[in-house]
Amino acid sequence: MILLLLRRLGSLVVTLLLASLAIFLVLEVLPGDPAAIMLGTEAREDTLAALRQQMGLERPPHERYFDWLTGLLSGNFGLSMTYRVPVSELVVERLAVTLPLAILAILISTLLAIPLGVIAAANHEGLADRGVMLFSQVGVAVPNFWIGLLLILFFSSYLGWFSAGGFPGWAAGVTTALKALLLPAVALALPQAAILARVTRSSVLEILGEDFVRTARAKGLTRRVTLRRHVLRNALIPVVTVMGMQFSFLVAGAILVENVFTLPGLGRLLFQAMSQRDLIVIKDVVLFFAALVILVNFLVDLTYAWLDPRLRQSR
Amino acid sequence: MSALTRYATLFVGGAITFTLLAMALLSRVWTPAPPTQIRISQRLAPPLEAGLLGADHFGRDIASMLMVGAWNSLSIAFVAVLLGMAAGVLLGTLAAAWRGWAEEVVMRLADVTFAFPAVLSAIMIAALIGPGVTTAVIAIGVFNIPVFARIARGAALQVWKRDYILAARSAGKGALLITLHHVLPNIAGLLVVQATIQLALAVLTEAGLSFLGVGVPPPNPSWGRMLSDSQTYLSQAPHLAILPGLAIALAVLGLNMLGDGLRDVMDPKLRRKR
């Protein structure tokens, strides 16, 4: 187990390094002169020179890459060109919106999908099953930013229960802040739930066909107890994997949904940085998102090995 | 699952996809009105009052815009998936043929690319070269490379275990020829099915990119930007927000069903017992 953990850790570090190298190559080496891109063609020569100086562009790329990495490790993410504040401050500030949003979305999609999947499997080929399959088929096809628009249309324009967007900040009180995050989280969660429900359903169906389920039923356990005690635990392994794989879609979705609801999160920060060509912010935030995806998949891999002891040796 | 429901998925998915494709192709030669023509008198007109589906905030005909949007969306998705598939299948089959360090490198690169959802890479590329069709195609295409590399490698490894490969090897065929003559034909069906599903995902992603403004540039209509424009007029003209979303959802649903149906029909072993 320890050997496996070390090997996975090693490959995690390599993957993270490669991701950072890819971002650095695309944003700092490919364009030739990043300062010219950031300031546009009409920039004055002295402003250009000042930015080049700030970014250390006169030094060779490998030195800059190394500096960037050591800076990241010591919490120094560089200075945003447009906001004139350290990027680390921006990230922490915006994370206070994006992180709760993501957690809320995962919570909603799990709480919705797992019961739906189990109900569908327990009523295999019945009415509930068909309903869940229909929900799943339609749910994966619907873009989350469109769900966001429809939610605004119905709950805010028509019913007036929620504001159409914006975020009052956590200082306005937890309930007020959570209320502002609820519709965006639902928009993010529904397509995720559609996929998870389908995976849960087929996974439960598979386990229901196993011998130990027949044994449990034969020794007199009710359907309900068998489902809860024996089936669900085993069926959740593939569900956890898919949740991990879906995480990158959650990140992409957050960028879109934050823009629909004008939430001042990391996704919107990245979007605004793109419009302003603030490559310094883009570099750091893209790496942050990519690293998050890599890290979550690493954790899922470990959970997987922990949930299914057979996998500890075989890989 | 009965034979009837199995073919139903294929049939419904195929019908939706075919209709959409027909609309997209038709838009190249005919639309009810010129999709970029501004008619202020028709501004925000609801469906049936101006054209079949109404008009947007510039009085442009929505039905025509949706048709051209279908062309833009499908062509970008198609080119991006095709490029991603070509590169991914090449890498995946070579990894399976050569094994060893080449396989390790390919799979590690696939892991890394997987960490960059298309929206993320599109934002990076758009910051450098600006928004546009190229940006969308590269971003979606790149994300498809690891998807196809993984699937092609997995399927190719299965083929390499077969007896006829052993026969081909003992007859002196090299890894490249075996890949070309035996591996690729055997995994082609699987790849086509996956390509259909990736196409659905690509349509969804393209919509997201043009919603953010990094896809097709205006005034060329795109479903995503129609949705993004609709936000300002949400309570005045809800049809602006509903119709393009329906088009996206229908396109993705159709392609997904077509992919599922194809898989069920082509490979009985993969058939969903569910």
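These protein sequence lines are chains A and B, in that order. So the first sequence is numbered by the working numbering: it starts at 1 and just counts up by one. So the second sequence is numbered by the working numbering: it starts at 1001 and just counts up by one. Glycine included, each C-beta is placed from N, C-alpha and C at the ideal position.
So Ile1038(B) packs on Gly1059(B), CB below 8 Å; how close in whole Å?
-> Position 38 of the second sequence, counting from 1, holds the residue named residue 1038(B). Position 59 of the second sequence, counting from 1, holds the residue named residue 1059(B). Your pair Ile1038(B) and Gly1059(B) checks out as a contact, with CB atoms roughly 6 Å apart and the cut at 8 Å.
Would you give the residue range spanned by the alpha helix (DSSP H) that Val174(A) belongs to?
-> The count along the first sequence starts at 1 and reaches residue 174(A) at position 174. Element bounds for Val174(A): Val174 to Leu208.
Given that Leu1191(B) touches chain A, what residues does it touch there, using C-beta distances under 8 Å?
-> Within the second sequence, the letter at position 191 stands for residue 1191(B). Result: empty, since nearest Cβ-Cβ is about 20 Å, beyond 8 Å.
Taking only beta-carbon positions, decide if Pro238(A) is within less than 9 Å of chain B.
-> Numbered from its first residue, the first sequence carries residue 238(A) at position 238. Interface residue (Cβ-Cβ distance to chain B less than 9 Å): Pro238(A) is not classified as such.
Would you decide whether Ile1129(B) is buried or exposed? Buried here means 16 or more other CB atoms lie within 10 Å of its CB.
-> Here residue 1129(B) corresponds to residue number 129 of the second sequence, with the count starting at 1. Burial call: exposed.
When you check each C-beta in the stretch 8 to 22 of chain A against every C-beta of chain B, which residues fall closer than 8 Å?
-> The stretch 8 to 22 of chain A vs chain B, Cβ under 8 Å: Ser11, Val14, Thr15, Leu18, Ala19 and Ala22.
Taking Phe306(A) as the query, report the chain B residues whose CB atoms sit under 9 Å from its CB, ordered along the chain.
-> For the purposes of this step, residue 306(A) is taken as residue 306 along the first sequence, with counting starting at 1. Per the sequence shown, residue 306(A) should be read as Trp rather than Phe. Listed along chain B, no residue sits closer than 9 Å to Trp306(A) by beta-carbon distance, the nearest being about 21 Å off.
Does the beta-carbon distance from Asn1256(B) to Ala1167(B) come in below 9 Å?
-> Locating residue 1256(B) in the second sequence gives position 256, counting from the first residue. Locating residue 1167(B) in the second sequence gives position 167, counting from the first residue. No; because the gap between Cβ atoms is not below 9 Å, this pair is not in contact.
Can you name the start and end residues of the alpha helix (DSSP H) that Pro115(A) belongs to?
-> As a first step, residue 115(A) is located in the first sequence; it is residue number 115 there, counting from the start. Residues Val87 to Ala122.
Using a beta-carbon distance below 9 Å, is Thr1019(B) in contact with chain A?
-> Working through the second sequence from its first residue, we reach residue 1019(B) at position 19. Taking Cβ atoms only, chain A never reaches closer than 9 Å to Thr1019(B), which makes this a no.
Could you name the residues of the stretch 1187 to 1220 of chain B whose beta carbon sits closer than 7 Å to any beta carbon of chain A, in the order they occur along the chain?
-> Under the 7 Å Cβ criterion, the stretch 1187 to 1220 of chain B contributes Leu1204, Ala1207, Gly1208, Phe1211 and Leu1212.
For Leu287(A) versus Met81(A), is the C-beta spacing smaller than 9 Å?
-> Taking the first sequence and counting its residues from 1, the one referred to as residue 287(A) is at position 287. Taking the first sequence and counting its residues from 1, the one referred to as residue 81(A) is at position 81. No.
Start-to-end residues for the alpha helix (DSSP H) that takes in Thr15(A) = Numbered from 1 along the first sequence, position 15 holds the residue referred to as residue 15(A). In the DSSP assignment, Thr15(A) falls within the alpha helix (DSSP H) that extends over Ile2 to Phe24.
Under a Cβ-count criterion, where at least 16 other Cβ atoms within 10 Å of its own Cβ denotes burial, should Gly56(A) be classed as buried or exposed?
-> Within the first sequence, the letter at position 56 stands for residue 56(A). Counting C-beta atoms within 10 angstroms of its own C-beta, Gly56(A) has fewer than 16 neighbours from the protein chains shown and is therefore classed as exposed.
Would you check if the stretch 262 to 274 of chain A and the stretch 221 to 240 of chain A touch, i.e. whether three or more CB-CB distances between them fall below 8 Å?
-> These segments do not touch.
From the DSSP output, which residues share a beta bridge with Asp1061(B)?
-> Residue mapping note: residue 1061(B) aligns to position 61 of the second sequence, counting from 1. Partner residues in the beta bridge of Asp1061(B), as assigned by DSSP, are Ala1055(B).
Look at Ala1188(B) and Leu1066(B) and say whether their C-beta atoms are less than 9 Å apart.
-> Here residue 1188(B) corresponds to residue number 188 of the second sequence, with the count starting at 1. Here residue 1066(B) corresponds to residue number 66 of the second sequence, with the count starting at 1. Judged by beta-carbon spacing, Leu1066(B) lies beyond the 9 Å limit of Ala1188(B), meaning their Cβ atoms are not closer than that value.
Can you tell me whether DSSP reads Leu263(A) as helix, strand or coil?
-> Within the first sequence, numbered from 1, the residue matching residue 263(A) stands at position 263. Per DSSP, reduced to three states, the secondary structure at Leu263(A) is coil, with no helix or strand assignment.
Could you tell me the distance, in whole angstroms, from the CA atom of Arg233(A) to the CA atom of Ser203(A)?
-> In the first sequence, residue 233(A) corresponds to position 233, counting from 1. In the first sequence, residue 203(A) corresponds to position 203, counting from 1. So the alpha carbons of these two residues sit roughly 11 Å apart.
Short CB-CB distance (under 9 Å) between Ser1222(B) and chain A | By one-based count along the second sequence, residue 1222(B) stands at place 222. Not closer than 9 Å to any Cβ of chain A, the Cβ of Ser1222(B) fails to qualify, so no.
In angstroms with no decimal places, state the Cα-to-Cα distance between Glu258(A) and Pro184(A).
-> Position 258 of the first sequence, counted from the first residue, corresponds to residue 258(A). Position 184 of the first sequence, counted from the first residue, corresponds to residue 184(A). Taking the straight line joining both Cα atoms gives about 7 Å.
Could one say the Cβ of Ile114(A) lies closer than 9 Å to chain B's Cβ atoms, at least one of them?
-> The residue labelled residue 114(A) in the question sits at position 114 within the first sequence. No, no contact with chain B.
Check distances from the C-beta atoms of the stretch 1110 to 1121 of chain B to those of chain A and list, in chain order, the residues that come in under 9 Å.
-> Of all residues in the stretch 1110 to 1121 of chain B, Asp1111, Val1112, Thr1113, Phe1114, Ala1115, Phe1116, Pro1117, Ala1118, Val1119, Leu1120 and Ser1121 have a Cβ within less than 9 Å of some Cβ in chain A.
In chain order, which continuous runs of the alpha helix (DSSP H) of length 4 or greater are located wholly inside the stretch 217 to 259 of chain A?
-> Within the stretch 217 to 259 of chain A, the runs of alpha helix (DSSP H) that reach at least 4 residues and sit entirely inside it are, in chain order, 223 to 226.
Can you tell which of Val1068(B), Val1142(B) and Ala1033(B) has the C-alpha that lies nearest to the C-alpha of Gly1084(B)?
-> Counting from 1 along the second sequence, the entry for residue 1084(B) is found at position 84. Considering only alpha carbons, the answer is Val1142(B).
Under 8 Å from the C-beta of Asn1256(B): neighbouring residues of chain A | As a working mapping, residue 1256(B) is identified with position 256 in the second sequence. When 8 Å is used as the limit between beta carbons, Asn1256(B) is near these residues of chain A: Gln137, Val140 and Ala141, in chain order.
With a cut-off of 8 Å, do at least 3 Cβ pairs link the stretch 241 to 248 of chain A to the stretch 133 to 140 of chain A?
-> The count of Cβ pairs closer than 8 Å, one atom from the stretch 241 to 248 of chain A and one from the stretch 133 to 140 of chain A, stays below three, leaving the stretches out of contact.
Minimum Cβ-Cβ distance from Trp146(A) to chain B less than 9 Å = Translated into the one-based positions of the first sequence, residue 146(A) becomes position 146. So yes, Trp146(A) belongs to the interface.
What is the DSSP secondary structure of Leu79(A), counted as helix, strand or coil?
-> Here residue 79(A) corresponds to residue number 79 of the first sequence, with the count starting at 1. Of the three classes helix, strand and coil, the one that applies to Leu79(A) here is strand, per DSSP.
What are the boundary residues of the alpha helix (DSSP H) that Tyr158(A) is part of?
-> Numbered from 1 along the first sequence, position 158 holds the residue referred to as residue 158(A). It is not in any alpha helix (DSSP H) - Tyr158(A) carries neither H nor E in the DSSP assignment.
Proximity to Val92(A) [Cα-Cα], best of Trp306(A), Leu269(A), Ala164(A) and Ala252(A) = Stepping through the first sequence from its first residue, residue 92(A) is reached at position 92. From the listed residues Trp306(A), Leu269(A), Ala164(A) and Ala252(A), the smallest Cα separation to Val92(A) is found for Leu269(A).
Return the chain-ordered list of same chain residues with a C-beta closer than 8 Å to the C-beta of Ser314(A), the five sequence neighbours on each side being excluded.
-> Within the first sequence, the letter at position 314 stands for residue 314(A). In this predicted model, Ser314(A) has a pLDDT of only 44, less than 50, meaning its place in the structure is not dependable; the value taken from the coordinates is given anyway. There are no such residues.
Contact with chain A by Val1137(B), beta-carbon distance below 9 Å | Counting from 1 along the second sequence, the entry for residue 1137(B) is found at position 137. Interface flag for Val1137(B) against chain A is unset, since no Cβ pair is found closer than 9 Å.
Hey, is Ser314(A)'s beta-carbon within less than 9 Å of any beta-carbon in chain B?
-> Your numbering for residue 314(A) matches position 314 in the first sequence. Reliability fails at Ser314(A), whose pLDDT of 44 lies under 50, so the model's placement of it is uncertain and no value is given.
Run down chain B in chain order and give the residues with a C-beta less than 9 Å from the C-beta of Ile282(A).
-> Locating residue 282(A) in the first sequence gives position 282, where the first residue counts as 1. Against Ile282(A), the close residues of chain B are Ile1123, Met1124 and Ala1127, in the order they occur along the chain (beta-carbon pairs closer than 9 Å).
Would you identify the three-state DSSP class for Gly139(A), choosing helix, strand or coil?
-> Residue 139(A) sits at position 139 when you count from the first residue of the first sequence. The answer is helix: DSSP assigns Gly139(A) an H, G or I state.
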